[in-house]
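Okay, so the sequence shown: first residue is 229 according to my numbering, each after it adds one. This report concerns only the one structure given below.
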Amino acid sequence: MRSAPARRQGSPAAAALRVAGLALSVAAWVLALLVVADAVLPAGARTHLLGLNGAVTRLVPGALSGLFVFQTPLGGAFRGDFAALAIVLLVLDWILSRASASLRRG
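Structure follows, in structure tokens:
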């Protein structure tokens, strides 16, 4: 019989799902912060984000890239493609969290 802490830990698959979910959650929140920074920072400060924006743009799927990008009154741009990707990552995190919880209970 497994001890109480071992039962709570679950299988290695459950742990892997938790770690993957955490990584997706962190990536989603970084994207959300990038969306806000792109929308509200002044032009000078936004230039420091060009490399990061370029790297993220290369990771965005082609069908989503450039979708819902609007200029803001502050001179920045609301990156709807980044925001949509952040939402997708948060949904995937939730799915992995539920799968991990079901493996731990089972």
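No residue lacks a Cβ here, since even glycine has one placed at the ideal position from N, Cα and C.
Checking 9 Å against the spacing of the C-beta atoms, do residue 318 and residue 252 come in under that value? Taking the first residue of the sequence shown as position 1, residue 318 is located at position 90. Taking the first residue of the sequence shown as position 1, residue 252 is located at position 24. Yes. Within cutoff.
Hey, residue 265 and residue 277 are a contact pair by Cβ (cut 8 Å); roughly how many whole angstroms apart? What you label residue 265 is simply residue 37 of the sequence shown in a count that begins at 1. What you label residue 277 is simply residue 49 of the sequence shown in a count that begins at 1. Cβ-Cβ separation between residue 265 and residue 277: approximately 6 Å, consistent with a contact (criterion under 8 Å).
Between residue 288 and residue 321, which are expected to be in contact by the criterion C-beta below 8 Å, what is the C-beta distance as a whole number of angstroms? On the sequence shown, residue 288 is found 60 positions in, with the first residue counted as 1. On the sequence shown, residue 321 is found 93 positions in, with the first residue counted as 1. Here residue 288 is actually not in contact with residue 321; their C-beta atoms are around 18 Å apart, not less than 8 Å.
Please confirm whether residue 263 and residue 302 have their CB atoms less than 9 Å apart. In the sequence shown, the residue the question calls residue 263 occupies position 35. In the sequence shown, the residue the question calls residue 302 occupies position 74. The answer is no: Cβ separation not under 9 Å.
Alpha helix (DSSP H) segment containing residue 288, residue limits: Translated into the one-based positions of the sequence shown, residue 288 becomes position 60. Element bounds for residue 288: n/a, residue is neither H nor E.
Could you check whether the Cβ of residue 310 sits closer than 9 Å to any Cβ belonging to chain C? The question asks about chain C, but that chain is absent: this structure has only one protein chain.
Counting only runs of 4+ residues fully inside the segment 298-333, write out the alpha helix (DSSP H) ranges in chain order. The qualifying runs are 308-333.
Between residue 240 and residue 285, what straight-line distance do the alpha-carbon atoms span, to the nearest angstrom? For the purposes of this step, residue 240 is taken as residue 12 along the sequence shown, with counting starting at 1. For the purposes of this step, residue 285 is taken as residue 57 along the sequence shown, with counting starting at 1. Whole-angstrom Cα-Cα distance: 33 Å.
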